[in-house]
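Residue numbers (our numbering): 81 to 727.
The structure appears right after this line, and notes come after that.
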């Protein structure tokens, strides 16, 4: 305890001397606001900087590093700057190097939480980069474990992704596995998967990114000598995007900076959108309680968005209750444009977007300064097809799944292909027991399938033969129908929807999500006249997606991305599509905290726009009537009350 008091006293005395000595040594440019200058010139002790979108937080961070070195006499090696991605760390370091050109000896450490934690544990546990397992390797191991447990899912890829995400969440939120209940399967099944995966990683001496944090926390809490050494190395800690911190990251940070508490965190609780990764915006509020005497600075000037855009975004975010109270003001001298459009359906929505992109491009706005944002990565399926037909270059930041590869759509196509004469064994196997007909796969000995031979082998099982006869009769009906009525026939009369309901209940899924996929498929084929037209469309669409993956490397086209992926970016023109209830906010968001995160996500999307923001709320989505999003109503109310209606 005596040592701690001496350290604190020495730090305070040193701070007073530095402030006195260097009060006027550093010239803060007049272009900075009073709040920015206050943040930049902060030296010792804890500070929370609440930095709204476009408020110049990166400038504040890099200028403060320079201030610490050149005006406060802090050794560059004592400064640690933490960001959340390697790209962000590299960008931050490059900005700092540009700012301090000619001072290559300023060896400040920039890194991600994971890189810093791995640096701490690798010597203690004799690890190197080969010890870190890749996501693909971990996925393969989990799949083998699931198959060894006879866990079979038609949507196996989705289930594996969900289980891995939940395992990460358990570790990041420091949850006892005994107290966690999976959303995909019985809790005992999930716990078995969790433990078997952990055992396999230990057996092979491998760790994942979450293990880095768990091991680092355990090391620092168990080894006081290592913790003391780390505290000597990292005397000034700065954290960017602090609102994205999860519980274990925050706990490790607290260990590293105590008892001196020279910690400077920058974030915006209104932009916390990674709850599924364990990010907790309330950690920002917890910070002010854990670090007594913490100074708080709010960067309230927005240097990105025009006035109308910022005001409309504020009208949305102010409805959240769990947030720091703040007023963001646009410094732009222009009003900007906010448009809210309500077309009849998705086809009209896509045409509006294509026309607007072409018009803006003709008026001098590059394709790369235009972005289409959406809540989920399945939404732009038909927009991509439309852009391709107009030869508009585009880049998709998030992998867009092919709807025709989803198992429920695959099953529909299998029924249709089989009905028109494709009797391949693999295709027949996928549908013969959906719904359940109790046909043993071992009965299928021929490829292609021979109905008569199959029926003969089942001759002693009248109940199953009746089921097979009905299937054959149903296939004859399907053959005579157009694709859209055939889809409805399979779902309702053959009984596929009932099969999905049982499937979802057994696997603890939301059957509504599976029905939504089929509804989307239905909206794509509603006007098709023949199966030939459908099968040709499937082939063409698959080719378009293949091109899209190649175009993902293009950086001079229109950007298509989820709201999550748009965070941190900015564009002249932004189009937010499908602004309707059940999509944004997403229908799975039920709790108050989930709904607040959905609102934050929409706010993030809105504040990506610098000059033009277009929000589109179609009346029909995938053939279903939809109410416009509550966020759209908030904006329209604001525009109406302030006589700024531009719709």
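Note that beta-carbon positions come from the ideal geometry of N, C-alpha and C, so glycine has one too.
If you run the structure through DSSP and keep just helix, strand and coil, what is residue i?
| i | result |
| --- | --- |
| residue 721 | helix |
| residue 382 | strand |
| residue 101 | Annotation note: pLDDT 43 at residue 101 (below 50); position unreliable, no value reported. |
| residue 419 | strand |
| residue 646 | helix |
| residue 367 | helix |
| residue 714 | helix |
| residue 123 | coil |
| residue 492 | helix |
| residue 709 | coil |
| residue 272 | helix |
| residue 163 | strand |
| residue 186 | coil |
| residue 704 | strand |
| residue 256 | coil |
| residue 453 | strand |
| residue 664 | coil |
| residue 175 | helix |
| residue 656 | strand |
Please determine, among the options, the residue with the shortest C-alpha to C-alpha distance to residue i.
| i | options | result |
| --- | --- | --- |
| residue 565 | 536, 581, 614 and 518 | 614 |
| residue 596 | 688, 211 and 704 | 704 |
| residue 807 | 654, 696 and 612 | A question about residue 807 goes unanswered here, because the residues of the chain that appear run from 81 up to 727. |
| residue 618 | 716, 492, 538 and 650 | 492 |
| residue 248 | 277, 625 and 237 | 277 |
| residue 293 | 195, 224 and 262 | 195 |
| residue 414 | 637, 405 and 382 | 382 |
| residue 330 | 423, 401 and 197 | 197 |
| residue 343 | 358, 359, 355 and 370 | 370 |
| residue 173 | 190, 185 and 710 | 190 |
| residue 400 | 672, 581 and 718 | 672 |
| residue 241 | 712, 263, 693 and 351 | 263 |
| residue 487 | 147, 176 and 237 | 237 |
| residue 471 | 311, 494, 142 and 437 | 437 |
| residue 231 | 258, 272 and 712 | 272 |
| residue 428 | 224, 396, 463 and 443 | 463 |
| residue 297 | 377, 257, 199 and 364 | 199 |
Does the separation of the CB atoms of residue i and residue j fall below 8 Å?
| i | j | result |
| --- | --- | --- |
| residue 379 | residue 135 | yes |
| residue 334 | residue 254 | no |
| residue 576 | residue 547 | no |
| residue 440 | residue 466 | no |
| residue 527 | residue 505 | yes |
| residue 646 | residue 451 | yes |
| residue 625 | residue 496 | no |
| residue 161 | residue 145 | yes |
| residue 353 | residue 680 | yes |
| residue 669 | residue 678 | yes |
| residue 652 | residue 313 | no |
| residue 211 | residue 285 | yes |
| residue 636 | residue 508 | no |
| residue 656 | residue 715 | no |
| residue 390 | residue 408 | yes |
| residue 187 | residue 157 | yes |
| residue 455 | residue 620 | no |
| residue 578 | residue 584 | no |
| residue 341 | residue 182 | no |
| residue 204 | residue 141 | no |
| residue 320 | residue 167 | no |
| residue 252 | residue 290 | yes |
| residue 602 | residue 555 | no |
Can you round the beta-carbon distance between residue i and residue j to whole angstroms, since I take them to be within the 8 Å contact cut?
| i | j | result |
| --- | --- | --- |
| residue 605 | residue 563 | 5 Å |
| residue 337 | residue 129 | That belief does not hold up - the Cβ atoms of residue 337 and residue 129 are roughly 16 Å apart, past 8 Å. |
| residue 274 | residue 239 | No, residue 274 and residue 239 are not in contact; Cβ-Cβ is about 14 Å, not under 8 Å. |
| residue 477 | residue 639 | 7 Å |
| residue 483 | residue 600 | 6 Å |
| residue 426 | residue 133 | Going by Cβ atoms, the distance from residue 426 to residue 133 rounds to 29 Å, so no, they are not a contact pair. |
| residue 375 | residue 127 | 5 Å |
| residue 402 | residue 676 | 6 Å |
| residue 351 | residue 323 | 6 Å |
| residue 416 | residue 387 | 6 Å |
Answer yes or no: the CB of residue i versus the heavy atoms of the ligand ZN, is any distance below 7 Å?
| i | result |
| --- | --- |
| residue 222 | No copy of the ligand ZN occurs in the structure displayed, which carries no ligand at all. |
### Message
Threshold first: 4 residues or longer. Then list the alpha helix (DSSP H) segments lying entirely within the region 197-246, N to C.
### Response
Along the length of the region 197-246, whole alpha helix (DSSP H) runs at least 4 residues long occupy 215-228, reported in chain order.
### Query
Going along the chain, which unbroken runs of the beta strand (DSSP E) with 3 or more residues stay wholly within the region 278-356?
For the region 278-356, the full-length beta strand (DSSP E) segments reaching 3 residues or more read 316-319 and 343-347 along the chain.
### Query
Of all the alpha helix (DSSP H) runs that stay within the bounds of the region 381-410, which reach a length of 4 or more residues?
Fully enclosed alpha helix (DSSP H) runs of 4 or longer: 387-397.
### Query
What are the uninterrupted segments assigned as beta strand (DSSP E) that are 3 or more residues long and contained completely in the region 672-700, given in chain order?
Counting only runs of 3 or more, we get 689-696.
### Message
As an exercise, report each continuous beta strand (DSSP E) stretch of at least 3 residues that is fully enclosed by the region 467-545, in chain order.
### Response
If you keep only unbroken beta strand (DSSP E) runs of at least 3 residues inside the region 467-545, you get 474-476.
### Query
What are the uninterrupted segments assigned as alpha helix (DSSP H) that are 4 or more residues long and contained completely in the region 589-630, given in chain order?
Whole alpha helix (DSSP H) segments, 4+ residues: 591-605.
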